[in-house]
Structures are given as structure tokens and as C-alpha cells.
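Residues 1204 to 1936, numbered by the numbering used here, are exactly what the sequence shown covers, in order.
The C-beta atom is built at its ideal place from N, Cα and C for all residues, glycine as well.
Just so it is clear, the structure is predicted and the values come from calculations on it, not from any experiment.
Structure first, then comments.
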Amino acid sequence: MRHFLSKLLIVALSCASVAHAKPGAQCIGLVLGGGGARGVAHIGVLKVLERERIPICKIAGTSMGSVAAGLYASGYSADEIEQILYTIDWKDVLNDDPPRSDFPMRRKNETLRYLINFRFGLRDGAIQWPRGVVQGQKLLLLLRRLTLHTWKVPNFDALPIAFRAVATDLVSGEQVLFKDGDLGLAIRASMSVPAAFAPTRVDGRLLVDGGLVNNVPVDVAQAMGADRLIVVDIGTVPATQLSMDSPFAITMQMLDVLMRQRTAQLLQKMASEDVILLPQLGDIGVADFDRSSEAIASGEAAAQLQIDRLRQFAVSPEVYRRWREQHRRVALDPPLVSFIDVLTERSKTSGFVERRLDNFVGAPLDVAILEKSIGGAFGLGNYERIDWRPVEDDGRTGIEVTPVDKSWGPNFITFGLQLSDDFEGNNNYQLGIEYTKTGLNRYGAEWRSRLDMGRVTGLRSEYFQPFGARGQFDIAPYIEYRAFDQPLRFNDQTLRAHRLRRGTIGVDMGYEFAGSMRIFGGLLRTHGSASSRNETRLSGGYRSETGGARFGLTRDTLDDANFPSNGSRTELLMYTDLDLLSADGAGQVAQISWDKALSVDVNHVLFGAHAQTSWGSPGLLDALAPLGGFSNLSGYGERELLGEHSLLLRAVVYRRLGDEGVLFSYPAFVGASLEVGQVYQQRGAMFGLQDLIYGSSLFVGVDSPVGPIFVGYGLANSGASSVYLNFGSLLRP
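See below:
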């Protein structure tokens, strides 16, 4: 027995000695640094490590490095991560809103009101700003989807590769190390670049990018127990004096200097046997995801330069095969959803979200449909983010949803600006200011008021309340006043206008079909007047008291309200006077509008048809059917042609200029339009297509932060022509 135990001890010591001495038996730690799109180079490094059969035992990452590290740790291969990267539409991911086609109809209509696509917060009389340009809604959903197979993993040491992500506590400035919890949320917190991405709140702490305190977390991997390290430092874009041309650029350069100093201190703690890789990324910037192939190649080249040193960590094909089998991603078996729990702590309108998600219980989890439903709720525009995760309760699997109201709300203000000038002394402006108070109850009620000044003077105040099992019904009482000048044209000569004024009080009730169609009906009572500003053939004034009912249908699947490339929008509206509401008139008015967008690559065409007609004797102000203006019988001034019936057909062709792949840019377009139409006093003349006017235009347009801006020239076959400077959509709601 003594002889046997002695031999056993010798064998054990020999094995331990061999295991310690042999590089392949060591625990190799991988450290991936932060740097935005430059971090794509990590994929190239991973590809070389796999090719050389180098197994990773521990992995730590910061910011973009935490993305690559977290996915690799969860079982993805380098090739799988590369394929994921190439399928990501970064312009879409970094735009929090879902596709416009998924917006609720109320939000779709908002996009046509000539307001900037941003709402400032308003609290205690002061303007409030969001904490980041991007809130990260789609980014978090993407990370949730990619890491869903790990939702039952108790801590990050139990992943196929032990993993750590580094973030920074924005309040204390301390390093926050993620070693357990929600993998997708940990990665999201680690890459919350200040100002660019909103901070992420986790366990009561406000977290931002880990690069502020530890951009290349060498010490973290050492603390995890790694024997040797492979460190990838992707650095930053080299700065020049000329590039520091703004306070923001100088601030970012200051942060880069501090980060580099901290990184240099950490790199000094590396052992001589450790390997550091420095991909030469040149001028690839933190947002240059369109140059991913270059970054990956740079990562491979950096690893190839150190290939002899890396090979000391290689193992035999058989050992690596066994390692790879143990570190492979396990496919997710979609669980049956037994319940949905919508948390209420961080949202005043959690009931609105709950109604949108009540059809998932009792069916297997379908992530794509769930994300689409969450996107539809997020598209209302009142949420900073809506997160979800699977949970277990008493052996049942459910979905926990966390809606988070915008931190700069719940009261919002936004602005709109329109200008038009024909460069012949006829110009006007339109300024809109809209105030919205949200969160009036948990089901999404809001109160909205708008003030218009300029060509149209107006004030509208509306209370909106959704109701029904899924919030598909709504009721909206409102009060409105509008006043504007209506130009009149006689014998091809435009004379100064009448001033039209109209006050309305009413209520609408609607029903929405799956976010793409809405029908509504309402009652309204109006007081209108018209008075001449100068001697015209319509001298004197006009007053009317009308009351009636209106019915409408809108179907909208357009992908964009400014320069659409696909989808369509159809609007039908019917108004009838009612004796019950003491109407002066006794008639009906019908309007129809249809727009259809098609595209091939960067070339787009927008077809449109618009018509209005009336029966009986409706009030004069109800029967107005104007035409004129850019792409609305170009060559004439805005609303210059007036009749009781109108018809317009048009086709607008436009081509996008520049590189569509650039993340942050304002698209520019060049285009032309052809239009045919006319206004009539008799419906029969309209149906007979008598005396049609043909118009056309050439234009350049820019989709700017304050809305579309057009500069163009319009010409009609009657000889009317005009040069346009216009703010406003190609659509004409």
C-alpha cells in the first residue's frame, strides 16, 4: 500500500508539473478594449485565435469590447459574430423609433404636422434635455435577442467562458464590474458612451461606458485567475489640432487623453509572457461601422504579427475540439408563455403597454412578434425604453416587461417651422409650438395644445383617451381656431385674399386596426367668417354657423413622412350638415387622398391622387377646395386656385444623393414632378376633366433636422411659374 501511494503521488506531481508547464494547459485570459466601431477588429483577432487552436479560459471586455467578449463567452464562434455584424443595420439600431409603418396611427399623423422629430421636456418652466442622443431601445432589444439563450445562467462564471463586463457609475465615478445578472443589460451598460448613449439604470445605479475608468481591463482578467493574457487595445482615432475645432471635440479629446493614461498604467501590469495586440486602424472612427471589413482585417493582421508568441498558447486538435464542444452556444427552445408581468414602478402609462401585449399568453415565445408589439407601444413616443426578459415563477415561464417613461418628461414641447418664398415678393412663414402633457392615467391619456403663427394663425387643444381591451378605441374632445388669407384669382390675375376665420368645438371617436388603419366619426359645431382685405369681386363679409358630423378612414403604411420609399397612405373624409346642430348649410363634402411610394435602390417615385367634391348647399367655408403650390399644380402660389370641386393627379420622382450607409447624415435628394388638375365650380365639369392644367417642377430637397427643405422651380402650361423655397413634406395632409 505504501509503495502504491508513493507511485500515485509521483504521478500526480508529474501531471501537475506538466499541466503547469505546458502553455496549452494554462488558463488564457482575453482582454478586449473599447472603441466603438473600431472594436470590430476584435472579431479578426478571435478568428486567428480559433484558427491557431487557442482556447480562452477567461474573457473581459469594455464597451464594444464587451459586446464581442460577451457574445464569444456565451458560445458564439468568431464567424457567427461576424455574420451577426454584417446583418445589423446600424442606422436602424441607432434610431430608437421602430419603423414608421409600426407607429400607432396617432403618431403617424403627428409626422405630417410639420414639426421637428424631437420633443424637449418641460418641467418647472425649464427646458429638459435627454441624457443621450440615442436612448438605446433597439440596441437593448438586439442584445436581448442575441443573449436570450443565457437567460437561465445564474452567473457569468457559468457561461461557456467566464466573462466580466466593465461599466462606470456616473454618480460616484467608480468601476462597476458585471459578474452575474442579465447578460444583455450588462453589455448595454458597458457601452453607454456619455452624450451619445443614454446611461443605463441597473440596481439603482446610473451606469455609463466602462472606458471612462478601465478601457482595457487587464486587471479584471488577472483577478479572474487567468495565468496568461492576450490583450487587444484598439486605441482611438489620432487627433490633430485641426480636428479639435469645437467644445465637444475638445472635451472628447480630454477624455481620450485620460483614458490612454489609465490604459498605459494597466498595460504596465502585464507579465512578459503576456501578448498585446495593437490593430492599426488608421482613421476608422467610432461610428464607422460601414468600414467593418477593414477593421476585421486589421484585427487579423495584428494577431498575425504576433503569431509566434500566440502559438505558445495553442493546444492539439483533439484538445481544442473537446474545448470547442464545451464552449458552444446552446440553442434556445422557445418556452410557453404562461403570464405577462408589466412593471409599473417606472411608468405612469404601464396599462397602455400591457394592453398591447395581452395576446402572448398561452403560446410559445415568438421574439420577433414580441419585439414588433413592443416597438408599436414604444412608437407612441412617450417612453425612454421598453425592456423585456423571460422569468420563472412557481415553475411557470413568463415575460417581465419594464416600460420606462422619458426621464425628461412627462411634459413635452416641440416646434415646427415652415418658410416659403417665390423670390417675387411673395413670402410667408409658419411657426408651430406644441405642448403635450402625457401620463394623465395609466392607459395613455394625454392633453395636447398647439399654437400656430404666420400664414395660418391657429390654436388647438385636445384631450386624447385610448380605451378598450387593447387600447384600440379612442375618444378626443377638442377646440380649435384657425385664420388665414385665401388668395383669389380672376382672369389669370391673382388678387389679394379674403381673411378666413373659423372656430370649432367637437369630439371624435375612433377605432384603430393593427396600427395601419383608423376609422373615426365625430360631431362638431363651427363658427366661420370671411372678410375682404381689399376691393375684389367678392366684396363685403360672410358669416356662418354650421354643425354636423364627419366620418373618416385613414390607412397608412408609408415608411417615411418626408421622402417615402415604399408604402401608401389613403385618406377618406366625409362631412354632412345636421339640422340637429343648427347648421346654416344643408349639404355634404367628400375628400379623398391617395399616395403610393415605390423605389428601386436610391430612386423613388411618389404617385398621388387627390379630389374633393360636395353636394347640396354646404357652408361656403366647408366647400373650399383649393389647389396650387409646390407639387400641387406647380407654377401657382399656395392655395391660389379655388373652387367647390378639385382634382389633382401627380407623380414625383426623386433620387437620393450621397452615401446611404453613413450613420449620421442629412439625406439630400434631386427630383422632378408632373401634375395635372383643376378646380371647378360644377361637379360635372370635374368629372368631364375640362380645362385641365398641367404643371411640373424641378427641385433639390434636404431632409434636415427641422423637416424637409425644398428649393425648386415650377411651371404650368398656362404660363404661371414660380421659384420655391419651401419647408414641408412631399405629402400634403
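Self-check item: Same chain only: Cβ atoms within 7 Å of ASP1477, ignoring 5 sequence neighbours per side
Solution: Contacts found: ARG1431, LEU1432 and VAL1434.
Quiz item: Considering only residues of the stretch 1245-1326, which uninterrupted beta strand (DSSP E) runs meet the minimum length of 3 residues and lie entirely inside it, listed in chain order?
Solution: For the stretch 1245-1326, whole beta strand (DSSP E) runs of length 3 or above, ordered along the chain, are 1261-1265 and 1323-1326.
Quiz item: Measuring CA to CA, which of VAL1659, ASP1711, THR1439 and MET1720 is closest to PHE1306?
Solution: Selected option, being the one with the closest Cα: MET1720.
Quiz item: PRO1680: which of LEU1583, MET1656 and ILE1708 sits nearest, CA to CA?
Solution: For PRO1680, the closest C-alpha among the options LEU1583, MET1656 and ILE1708 is that of ILE1708.
Quiz prompt | At least three beta-carbon pairs within less than 8 Å, the stretch 1278-1297 to the stretch 1314-1325 | solution = With a cut-off of 8 Å on Cβ pairs, the stretch 1278-1297 is not in contact with the stretch 1314-1325, counting fewer than three such pairs.
Practice problem: Kindly indicate the opening and closing residues of the alpha helix (DSSP H) around SER1501. | Solution: Note, SER1501: alpha helix (DSSP H), 1495-1508.
Quiz prompt | Straight-line Cα distance separating ARG1348 from LEU1933 | solution = Going from the Cα of LEU1933 to the Cα of ARG1348 covers about 37 Å.
Quiz item: Identify the residues that DSSP records as bridge partners of THR1707: which are they?
Solution: DSSP lists GLU1683 and THR1729 as partners of THR1707.
Practice problem: Mind the definition here: the stretch 1519-1535 touches the stretch 1334-1345 only if three or more C-beta pairs lie below 8 Å; say whether that holds. | Solution: With a cut-off of 8 Å, the stretch 1334-1345 and the stretch 1519-1535 do not count as touching, because too few Cβ pairs lie within range.
Exercise. Check whether the Cβ atoms of GLN1993 and VAL1251 sit closer than 8 Å, and answer yes or no.
Key: In this structure the chain extends from 1204 to 1936, so residue 1993 is not present and cannot be described.
Quiz item: With respect to the alpha helix (DSSP H) encompassing ASN1835, which residues constitute its N-terminal and C-terminal limits?
Solution: Segment: none, ASN1835 is in no alpha helix (DSSP H) and carries neither H nor E.
Quiz item: Cβ of GLY1414 within 8 Å of Cβ of GLY1237?
Solution: A contact, by the Cβ cut-off of 8 Å.
Quiz item: Thinking C-alpha only, which one of ALA1571, SER1921 and SER1868 is nearest SER1907?
Solution: For SER1907, the closest alpha carbon among the candidates ALA1571, SER1921 and SER1868 is that of SER1868.
Quiz item: So what does DSSP say about LEU1823, is it helix, strand or coil?
Solution: Residue state, collapsed to three classes: coil.
Quiz item: Within 10 angstroms of its Cβ, does GLN1197 collect 16 or more other Cβ (buried), or is it exposed?
Solution: The shown model of the chain, from 1204 to 1936, leaves out residue 1197, and the question about it has no answer.
Quiz item: Fully enclosed by the stretch 1327-1405, which beta strand (DSSP E) runs are 3 residues long or longer?
Solution: Assignment of beta strand (DSSP E) within the stretch 1327-1405, counting only whole runs of 3 or more residues, yields 1329-1331, 1335-1337, 1365-1372, 1378-1381, 1398-1400 and 1403-1405 in chain order.
Quiz item: SER1796 and ASN1769 look like a contact to me (Cβ under 8 Å); what is the Cβ gap, rounded to whole Å?
Solution: Between SER1796 and ASN1769 the beta-carbon gap is near 18 Å, outside 8 Å, which marks them as no contact.
Quiz prompt | Assigned exposure category for PRO1606 - 16 Cβ within 10 Å defines buried | solution = A residue is called buried when at least 16 other Cβ atoms come within 10 angstroms of its Cβ; PRO1606 meets this threshold and is buried.
Quiz item: Under a three-way DSSP split, which group does ARG1651 fall into?
Solution: Strand, per DSSP.
Exercise. Give every residue of the same chain whose Cβ lies closer than 6 Å to the Cβ of PHE1400, excluding the five residues on either side of it in the sequence, and list them in chain order.
Key: Around PHE1400: GLY1335, VAL1337 and GLY1339.
Quiz item: Between which two residues does the beta strand (DSSP E) harbouring ARG1532 extend?
Solution: Segment: none, ARG1532 is in no beta strand (DSSP E) and carries neither H nor E.
Quiz prompt | Strand pairing of THR1639, partner residues [DSSP] | solution = Under DSSP, the beta-bridge partners assigned to THR1639 are PHE1615 and ARG1651.
Practice problem: Between the Cα of VAL1905 and those of ILE1896, PHE1930 and GLY1922, spot the shortest distance and give me the residue it belongs to. | Solution: Taking only the C-alpha atoms, the option nearest VAL1905 is PHE1930.
Practice problem: Could you check if SER1357 is buried or exposed, using at least 16 other CB atoms within 10 Å of its CB as the buried criterion? | Solution: Going by the sequence as given, residue 1357 is Pro instead of Ser. Residue burial is scored here from C-beta neighbours: PRO1357 has fewer than 16 other C-beta atoms within 10 angstroms and is therefore classed as exposed.
Quiz prompt | Inter-residue CB distance, THR1439 and ASP1412 (contact presumed, cutoff 8 Å) | solution = With 8 Å as the limit, THR1439 and ASP1412 do not qualify as a contact, their Cβ atoms being about 13 Å apart.
Quiz item: What are the start and end residues of each continuous beta strand (DSSP E) run of 3 or more residues lying completely inside the stretch 1536-1576, in chain order?
Solution: Correct list: 1542-1545.
Quiz item: In angstroms, rounded to a whole number, what distance separates the CA positions of SER1732 and LEU1824?
Solution: Rounded to the nearest whole angstrom, the C-alpha separation of SER1732 and LEU1824 is 8 Å.
Practice problem: Using alpha carbons as the reference points, say which of GLN1884, TYR1883 and VAL1879 lies closest to ASN1188. | Solution: Absent from the structure is residue 1188, since the part of the chain shown begins at 1204 and ends at 1936.
Quiz item: Which value, in whole angstroms, describes the spacing of the CA atoms of PRO1520 and VAL1416?
Solution: Rounded to the nearest whole angstrom, the CA to CA distance from PRO1520 to VAL1416 is 39 Å.
Quiz item: So what's PHE1766 in DSSP terms, helix, strand or just coil?
Solution: DSSP, read as helix, strand or coil, puts PHE1766 in coil.
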